[in-house]
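Notes to accompany the following structure.
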Amino acid sequence: MFFTVESSARLHLGFYTISGGHTAYGSIGVAIEKPRVTVQARGSDEVEVRNLTQVRVEGDVAEVVKSLGLPGAEVKVLEAIPRHVGLGSTTQIRLSLAYALSRAYGMNWSVRKLAFTLGRGWVSGIGVAAFEHGGFILDSGRTVRGGRVQEPKSCEDLPKIVYRMPLPEDWYFVVAVPKGIRGLDEREERPVLEAPKTDRKLECELHEAVLTGMLPALARGDAEVFGKALTKVQRLVGRYFSRWQGGEFCCWETEEFVEAMLRGGAYGAGQSSWGPTAYGLVEGEESAKRLLENVRRSAERIGVEAEIFMTRARNGGFSFSLAGT
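The letter at position 13 of the sequence shown is residue 26 when you use my numbering, and the numbering goes up by one with no holes.
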């Protein structure tokens with residue numbers, strides 16, 4: 014029998030704190046319905062991978078097998094998320110593989126124990142929380158001592174959920190992923206994040222946008238106010254990281270897409286993680302379809318090839334099932 018796990022991407026929406034006291038990089042994010050990861054796995058004496066996608070996953074399978082101390086694995090990868098574009102692919106792929114294989118081998122580990130063992134969730138807890146629970150999430154951030162971010166010593170040290178709520182079913186994201194551009198990977202981002210700079214004015218502005226804007230608006234189902242606050246968070250966070258990414262956004266293509274989203278009627282828009290993925294928030298399927306077409310026309314006008322699609326929040330976590338041979 015194959016153990017099947019299906020999960021999906023996440024959008025990293027920014028931070029509500031970058032360096033405040035003993036906490037850094039309190040993250041904001043949301044799970045989305047697509048793109049998805051679907052893997053099937055069972056125990057084996059050797060490592061065998063059948064990859065039906067265009068995304069390279071063989072290294073992920075090898076890393077999971079090694080980290081969990083398994084003799085081998087037979088794996089089928091049916092769907093995968095593009096790598097290094099700001100959609101959280103590595104966490105979703107590796108947790109999906111690890112959960113399936115842990116069940117195949119009777120390990121019965123928690124998602125957080127698997128995440129810690131795999132080195133996932135060490136920078137942001139959004140990917141792990143999105144995998145397990147879905148929805149809109151704020152995490153508890155990273156511990157800071159002596160001005161430096163501390164590495165987790167156990168799964169209890171991973172960022173925890175401090176706020177989670179499902180997004181309304183009629184809220185849609187239009188997502189644009191420029192082709193041929195990649196964001197920073199984990200090794201590249203480590204020196205950027207290890208010693209956050211304290212900026213009290215920035216912290217106050219982020220807190221205000223999230224605590225008096227995003228969260229109350231979400232509770233009321235007010236997409237317009239939520240979106241405005243989201244855009245403000247994105248601008249503030251982008252300015253902080255501009256010294257490393259050359260501006261508020263990772264590249265001019267992402268900036269063009271964000272501006273196209275806002276011109277086209279999005280309530281809020283921004284860059285997911287290190288990009289290049291851009292997204293815009295609207296209310297209603299017809300509004301999403303109109304924005305989708307507007308963004309596609311913008312891509313043609315500026316001559317940028319991109320994967321552009323519409324999706325909703327995924328308000329639940331991963332799915333797990335058994336499949337035949």
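From the three backbone atoms N, C-alpha and C, an ideal C-beta is built for every residue, glycine too.
Residue span of the alpha helix (DSSP H) that contains residue i, given as start and end
i, result
"H25", "Premise fails: H25 lies in the beta strand (DSSP E), F15 to G33, not in any alpha helix (DSSP H)."
"N121", "Run containing N121: none; DSSP gives neither H nor E here."
"P95", "It is not in any alpha helix (DSSP H) - P95 carries neither H nor E in the DSSP assignment."
"Y38", "Unbroken run through Y38 is the beta strand (DSSP E), T36 to G56; no alpha helix (DSSP H)."
"E76", "E71 to L81"
"L224", "Element bounds for L224: n/a, residue is neither H nor E."
"T104", "S102 to A117"
"L249", "A236 to Y253"
"G140", "I139 to E145"
"T267", "W265 to R276"
C-alpha distance - residue i paired with residue j, whole-angstrom precision
i, j, result
"S137", "L224", "20 Å"
"F322", "E92", "16 Å"
"L108", "D183", "29 Å"
"Y176", "Y29", "12 Å"
"C263", "A282", "14 Å"
"G226", "E216", "15 Å"
"T324", "R49", "11 Å"
"G240", "Y280", "5 Å"
"G277", "T17", "39 Å"
"S255", "Q247", "12 Å"
"I94", "Q284", "17 Å"
"L127", "V60", "19 Å"
"D341", "P179", "Only positions 14 to 338 of the chain appear in the structure, and residue 341 is not among them; the question remains open."
"I31", "L171", "17 Å"
"A44", "W257", "26 Å"
"Q163", "G33", "14 Å"
"L385", "P204", "The structure shown does not extend to residue 385, since the chain is modelled only from 14 through 338, so no value can be given for it."
"A301", "D73", "34 Å"
"H35", "E299", "45 Å"
"H220", "S286", "19 Å"
"G85", "V77", "10 Å"
"K214", "T51", "43 Å"
"E261", "L206", "16 Å"
"R10", "I174", "With the chain running from 14 to 338 in the structure shown, residue 10 is simply not present."
"A37", "D212", "12 Å"
Cβ pair residue i, residue j closer than 9 Å
i, j, result
"F331", "Y112", "yes"
"L243", "L26", "yes"
"G42", "F149", "yes"
"G39", "D152", "yes"
"L24", "T267", "no"
"V98", "R195", "yes"
"V187", "L305", "yes"
"L114", "G56", "yes"
"G134", "V141", "yes"
"L197", "E218", "no"
"L335", "M14", "yes"
"S21", "K47", "yes"
"A143", "R327", "yes"
"T103", "E199", "yes"
"A208", "G160", "yes"
Residue i, enclosing beta strand (DSSP E) - first and last residue
i, result
"T324", "A319 to R325"
"E61", "V60 to N64"
"G293", "A291 to E296"
"R195", "First-last for R195: undefined, no H or E at that position."
"R177", "I174 to M178"
"F331", "Unbroken run through F331: none, as it is neither H nor E."
"A282", "G281 to Q284"
Close-in-space but distant-in-sequence residues of the same chain around residue i (CB under 6 Å, 5 per side omitted)
i, result
"V238", "A230"
"P191", "E266, P289, V317 and A319"
"K89", "Q53 and R63"
"W122", "S115"
"G297", "D183"
Own chain residues within Cβ distance below 8 Å of residue i, not counting five before or after
i, result
"I315", "E266 and E269"
"A75", "V60"
"R158", "H35"
Chain-order list of residues whose beta-carbon lies under 7 Å from that of residue i (same chain, five-residue window excluded)
i, result
"P181", "G234"
"L110", "V52, A54, D73, V74, V77 and V88"
"A273", "N307, V308 and S311"
"F1", "In this structure the chain extends from 14 to 338, so residue 1 is not present and cannot be described."
task = Examine the Cβ distances between the region 158 to 172 and the region 64 to 73 and report whether three or more of them are shorter than 8 Å.
result = No, because fewer than three Cβ pairs between the region 158 to 172 and the region 64 to 73 fall closer than 8 Å, the two stretches do not touch.
message = For the structure I just gave you, are there three or more beta carbon pairs, one from the region 300 to 311 and one from the region 269 to 280, closer than 8 Å?
response = Contact between the region 300 to 311 and the region 269 to 280 is present, with at least three C-beta pairs closer than 8 Å.
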